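Okay, structure first, notes after.
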Amino acid sequence: MELNKENMKKIRWLIAFAVILYLGVQNLSVVLKYVKVLWGLMLPFILGSAMAFVLNVPMSFIERHLFGKAKEKQGKGAKAAARMARPVSLFLSIVFVVLVVLLVVLVVVPEIGTTLVSVVKRVEENIPVLQKWLTNTFQSDSEIVKWISSIEIEPQKILDSIGKVLKNGADNLVSSTVTVTMGIVSMVVNFAIAFVFSCYVLLAKEKLGMQVRKAAYAILPAKTVKYLEHVCTLASKIFASFITGQCIEAVILGSMFFVTMTIGKFPYAMLIGVLISFTALIPVFGGIIGCWVGFFLILMVSPMKAFAFLALFVILQQIEGNLIYPHVVGNSVGLPAIWVLVAVTLGGNLMGIVGMLVFIPLVSVLYTLFREWVYERLDKKKVKLEEH
Numbered sequence: 001m002e003l004n005k006e007n008m009k010k011i012r013w014l015i016a017f018a019v020i021l022y023l024g025v026q027n028l029s030v031v032l033k034y035v036k037v038l039w040g041l042m043l044p045f046i047l048g049s050a051m052a053f054v055l056n057v058p059m060s061f062i063e064r065h066l067f068g069k070a071k072e073k074q075g076k077g078a079k080a081a082a083r084m085a086r087p088v089s090l091f092l093s094i095v096f097v098v099l100v101v102l103l104v105v106l107v108v109v110p111e112i113g114t115t116l117v118s119v120v121k122r123v124e125e126n127i128p129v130l131q132k133w134l135t136n137t138f139q140s141d142s143e144i145v146k147w148i149s150s151i152e153i154e155p156q157k158i159l160d161s162i163g164k165v166l167k168n169g170a171d172n173l174v175s176s177t178v179t180v181t182m183g184i185v186s187m188v189v190n191f192a193i194a195f196v197f198s199c200y201v202l203l204a205k206e207k208l209g210m211q212v213r214k215a216a217y218a219i220l221p222a223k224t225v226k227y228l229e230h231v232c233t234l235a236s237k238i239f240a241s242f243i244t245g246q247c248i249e250a251v252i253l254g255s256m257f258f259v260t261m262t263i264g265k266f267p268y269a270m271l272i273g274v275l276i277s278f279t280a281l282i283p284v285f286g287g288i289i290g291c292w293v294g295f296f297l298i299l300m301v302s303p304m305k306a307f308a309f310l311a312l313f314v315i316l317q318q319i320e321g322n323l324i325y326p327h328v329v330g331n332s333v334g335l336p337a338i339w340v341l342v343a344v345t346l347g348g349n350l351m352g353i354v355g356m357l358v359f360i361p362l363v364s365v366l367y368t369l370f371r372e373w374v375y376e377r378l379d380k381k382k383v384k385l386e387e388h
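Under the working numbering, residues 1 to 388 are what the sequence shown spells out, in order.
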């Protein structure tokens, strides 16, 4: 390598980076402390960016379908409609999201309360029957029979114990009222700042995008900026397609369960339908979670119906996996099934349910970029391999 001016500049930057990295590793606790402070400062804006990205999906749809033709027309009325397109679309998107949340809360919360009361009553009624069956089954083993007879499950005592725990927790909360209040205020303030920031970003997204591009071209080489634009466009497309597809697919699957369970006179049809709609948003494992929760709820009412529900779940999952999901979500994510499983597992272990949702499109972006790089390298080496 020639030691010209350009290469010397690269070497200086590399040495500076190595020194900073070494100092950071040596003082890791201090670095983590400042990272935590920085994260706290940036949290409202990170949350606002995430809210803006999610709200942008319905907002773009509304703006494109309601105001698309108005923007193409000429005249004062058309210009006024074009100016109002973005604020009205944003307002309708926010109203839509709020209505969905309220609908779920109003449907699910009362149903869950009724279900819990029903389950407690049925457990209380069936415990003597279960004890009698176990006693008849294990008559030959006196120790087991003695242990079964000694079991006493009184729901009222359980509820009293839960009440005592909650009371103690409430007393502890009261003793630290200032801390709790400050935490709630901080959370509300962060959410308010995030919401305002997301609205500002959505109302001026083209202008902000141009400002970011100008700054990027001023700081970085043009080739690097073009590649970053490609990455951002690809990520935006994949994430938007994934969010839209998953939501539509979840609604369809939940509706299928509600309709078939209502026709089959299964208990808790509405609750399980809504529950499966939400758990279906979690790829791969979400449906399984919804299945077993639904199975347990129905089992408290009718064991035969519970096993019939398992059969219904398998049938509907096959229909959803082979017919609905490929057409609704399609190949927009562009990730093979094996990597979907890897993404969901890694995301779940690192960030829980949120990680499961985020890692599929994230891994899809990395997979697409890596595939582009591999094909580019193969073209340069003039290597052609047939895919089987």
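Just so you know, even glycine gets a beta-carbon here, dropped at the ideal spot from N, CA and C.
Because the structure is a prediction, the values reported are computed rather than measured.
Query, Result
"Alpha carbon to alpha carbon, how far is Ile-272 from Gly-294? Give it in angstroms, no decimals.", "6 Å"
"Between which residues of its own chain and Val-174 is the CB-CB distance below 7 Å, once the five residues before and five after are set aside?", "Confidence at Val-174 is low in this model, with a pLDDT of 49, below 50, so the placement of that residue is unreliable and no value is reported for it."
"Tell me, please, whether the segment 257 to 268 touches the segment 303 to 313 by the rule of three or more beta-carbon pairs shorter than 8 Å.", "yes"
"For Ala-280, name the three-state secondary structure that DSSP assigns.", "coil"
"Go ahead and pull the three-state DSSP assignment for Val-174.", "Because Val-174 sits at a pLDDT of 49, beneath the cut-off of 50, its placement in the model cannot be relied upon, and the following sentence gives the value as read from the coordinates. DSSP places Val-174 in helix when its eight states are reduced to three."
"Taking its Cβ as the centre, do 16 or more other Cβ atoms sit within 10 Å of Trp-376, making it buried, or is it exposed?", "A small fix is needed here, since residue 376 is Glu in this sequence, not Trp. With fewer than 16 other Cβ atoms within 10 Å, it is exposed."
"According to DSSP, is Met-300 part of a helix, a strand, or is it coil?", "coil"
"If you draw a straight line from the C-alpha of Phe-67 to the C-alpha of Pro-58, how long is it?", "13 Å"
"Name the residue from Gly-321, Thr-262, Leu-47 and Met-300 whose alpha carbon lies nearest to the alpha carbon of Ala-280.", "Gly-321"
"Using a Cβ-Cβ cutoff of less than 8 Å, which residues in the same chain neighbour Ile-289 once the five nearest sequence positions on both sides are dropped?", "Thr-279 and Ile-282"
"Check Tyr-367 in the structure and name its three-state DSSP category.", "helix"
"Buried or exposed for Ala-16, going by 16 or more other Cβ atoms inside 10 Å?", "exposed"
"Find the nearest neighbour of Thr-244 within the set Phe-61, Val-301 and Thr-233, judged by alpha-carbon distance.", "Phe-61"
"DSSP three-state label for Ser-96, please.", "The identity of residue 96 in the sequence shown is Phe, whereas the question assumes Ser. Three-state DSSP puts Phe-96 in a helix."
"In terms of residue numbering, what span does the alpha helix (DSSP H) encompassing Leu-228 cover?", "222 to 263"
"Between Gly-347 and the rest of its own chain, which residues show a CB-CB distance below 7 Å, the 5 nearest in sequence each way excluded?", "Gly-355, Met-356, Val-358 and Phe-359"
"Pull up the distance between the alpha-carbon of Lys-33 and that of Gly-48, whole angstroms please.", "23 Å"
"Is it buried or exposed for Met-261, if we count other Cβ within 10 angstroms and need 16 for buried?", "buried"
"Taking the alpha helix (DSSP H) that Gly-48 belongs to, which residues open and close that run?", "28 to 66"
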